[in-house]
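Taken in order, the sequence shown gives residues 1 to 353; the numbers are from UniProt numbering.
Glycine included, each C-beta is placed from N, C-alpha and C at the ideal position.
As the structure is a computational prediction, the values presented were derived from the model and not from experiment.
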Amino acid sequence: MILVTGGAGFIGANFVLDWLSVHDEPVVNLDKLTYAGNLHNLASLQGDARHVFVQGDIGDSALLTELLQKHRPRAVVNFAAESHVDRSIHGPEDFIQTNIVGSFRLLEAVRAYWNGLDATPKQDFRFLHVSTDEVYGSLDAQAPAFTEEHLYQPNSPYSASKAASDHLVRAWHHTYGLPVLTTNCSNNYGPLHFPEKLIPLMIVNALAGKPLPIYGDGMQVRDWLYVKDHCSAIRRVLEAGRLGETYNVGGWNEKPNVDIVHHVCSLLDELRPRADGQSYREQISYVKDRPGHDRRYAIDARKLERELGWKPAETFESGIRKTVQWYLENPQWVAQVQSGAYRDWVQTQYANA
Ligand code: NAD
């Protein structure tokens, strides 16, 4: 049994589905179901006894203790977070509460549980913290990609809160000996991505005939990784990562945002041409840049590749094609996420464990 937090969100849900497609080991999934959590992401697991969903907060110490004692997981994988940079700029409070205070409460509950384990399960136990490359700050155009030794220089309330949680995880290892692992991954994309983030927003707006907003000059560079490759990296680190280590995860796919939008438009032009025969690029609209917008992130994932033999399965071209196809085939998912109707569905479909 493993305990996953935030497993109804974009990466967490992909991880739970991926895990259960390769393991028979059950998953307890603790998620608060904020606006970003969506149990429709896990509808295919309805009736599957290997998935136990619990609605709750990683900041709720009593609930955490109860779940750990009841299910006795051999590992905890922490995805739960507030994750959207724009939201963190307009309202940082939730980011401090979940990403910092919530991570602290989770670490404390896990530490108490781990301390009470017998020798072998105690030795085998793992706490894997899922984090981001944004903790390293912004890179100049010619600078080498972030390695695990790069200084932490977070620039947004989101990245600062994730950096704080990474430091807590590190300290719980060094001070208390908790067997932790941390992964710092670049931008993910793929199925089940909430349409406030760049790629799904562009697909959804394009199909709705709305403007495709690009911040500033669109030359902000990000490294992109298909979400299922992130999931396989987490599985691999959980399996064989060295305790107390951090592993960068990335796809070696550095691209300016404007290129991403052009790529999405080209795929839509091919797969779902506009009725008027024009390109979706006609809908691109440049808007005022985000305050403090980092210019470039680039991830050096060689440690993970060298030590643990991980490699992404998708190229950017194959992954983005799968992603656009998924959104074209799942308009009902987009409609549910946008309407919030899935919250009502949740009340009738799932009961707390
Ligand atoms: P998401 O916003 O799609 O999902 C977050 C999930 O956490 C949601 O289901 C939400 O309901 C849940 N949650 C929020 N607060 C909670 C709380 N207090 N208690 C329990 N559950 C709570 O985010 P995501 O994109 O899936 O990211 C998952 C993790 O991966 C985050 O920690 C994020 O920092 C990290 N990450 C994301 C990316 C990316 O490109 N999306 C890249 C690297 C790392």
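| query | result |
| --- | --- |
| Less than 8 Å between the C-beta atoms of Leu212 and Ser285, yes or no? | yes |
| Within its chain, find whatever has a CB closer than 7 Å to the CB of Glu196; leave out the 5 residues flanking it on each side and keep chain order. | His84 |
| Candidates Gln283, Ala275, Arg242, Ser232: which alpha carbon is nearest Ile11's? | Ser232 |
| Which runs of the alpha helix (DSSP H) fall wholly inside the region 60 to 148 and span at least 4 residues, in chain order? | 61 to 71, 85 to 90, 103 to 115, 119 to 124 |
| Which residue or residues does DSSP assign as beta-bridge partners of Asp223? | Glu254 |
| So, under 8 Å CB-CB, Thr5 and Leu106 are touching, yes? Tell me the CB distance rounded to an integer number of Å. | 7 Å |
| Rounded to the nearest angstrom, what separates Gly9 and Ser131 at their Cα positions? | 14 Å |
| Should Asp57 be listed as close to ligand 1, given that the test is whether its C-beta is under 7 Å from any heavy atom? | yes |
| From the DSSP output, in three-state form, read off Phe53 for me. | strand |
| Span of the alpha helix (DSSP H) holding Asp18? | 10 to 22 |
| Identify, in the order they occur along the chain, each residue of the same chain with its Cβ nearer than 6 Å to the Cβ of Thr65, setting aside the five sequence neighbours on each side. | Ala109 |
| Given 8 Å as the limit, is there contact between the region 237 to 255 and the region 305 to 322, that is, 3 or more CB pairs closer than that? | yes |
| Is it the case that the CB of Ile32 approaches a heavy atom of ligand 1 more closely than 7 Å? | Note that residue 32 is Lys in the sequence shown, not Ile. Within the cutoff, so yes. |
| Can Tyr297 and Ser165 be called in contact, C-beta distance under 8 Å? | no |
| Go ahead and label Val169 buried or exposed: buried means 16 or more other beta carbons lie within 10 angstroms of its beta carbon, across all protein chains shown. | buried |
| Can you find a heavy atom of ligand 1 that lies under 7 Å from the Cβ of Lys255? | no |
| For the region 249 to 307, list the beta strand (DSSP E) runs that are entirely contained and at least 3 residues long, ordered along the chain. | 254 to 256, 284 to 287 |
| Thinking just about the alpha-carbon of each residue, which of Leu20, Ser156, Arg111, Leu192 is nearest to the one in Trp333? | Leu192 |
| For my contact list, Val258 and Met219 are in at a C-beta cut-off of 8 Å; report their separation, rounded to the angstrom. | 7 Å |
| Is Glu82 near ligand 1, going by C-beta to nearest heavy atom under 7 Å? | yes |
| Would you say the beta carbon of Phe194 comes nearer than 7 Å to a heavy atom of ligand 1? | yes |
| Let's test the definition: count the other Cβ atoms within 10 Å of the Cβ of residue 356 and tell me whether it reaches 16, buried, or not, exposed. | Missing from the structure shown is residue 356; the chain here goes from 1 to 353 and no further. |
| Where does Ala163 land, buried or exposed, given buried means 16+ other C-beta within 10 angstroms? | buried |
| Let's see if you can read the secondary structure: which residues bound the beta strand (DSSP E) around Asp217? | Run containing Asp217: none; DSSP gives neither H nor E here. |
| Ignore the nearest five residues each way along the sequence and tell me which others in Gly292's own chain have a CB closer than 7 Å to its CB. | Asn155, Ser156 |
| Measuring alpha carbon to alpha carbon, tell me which residue in Gly244, Val204, Tyr215, Gly190 is nearest Pro331. | Val204 |
| Can you tell which of Ser159, Tyr158, Ala240, Ile100 has its C-alpha closest to the C-alpha of Gly309? | Ala240 |
| Report the residue from Tyr35, Leu243, Leu20 whose alpha carbon sits nearest the alpha carbon of residue 356. | Limits of the chain in this structure are 1 at one end and 353 at the other, which puts residue 356 out of reach. |
| Tell me the residue span of the beta strand (DSSP E) that contains Thr183. | 180 to 185 |
| Would you grab the beta carbon distance between Val27 and His51 for me? Rounded to a whole angstrom, and I think it's under 8 Å. | 6 Å |
| Verify the contact flag: Cys185, CB atom, against every heavy atom of ligand 1, threshold strictly below 7 Å. | yes |
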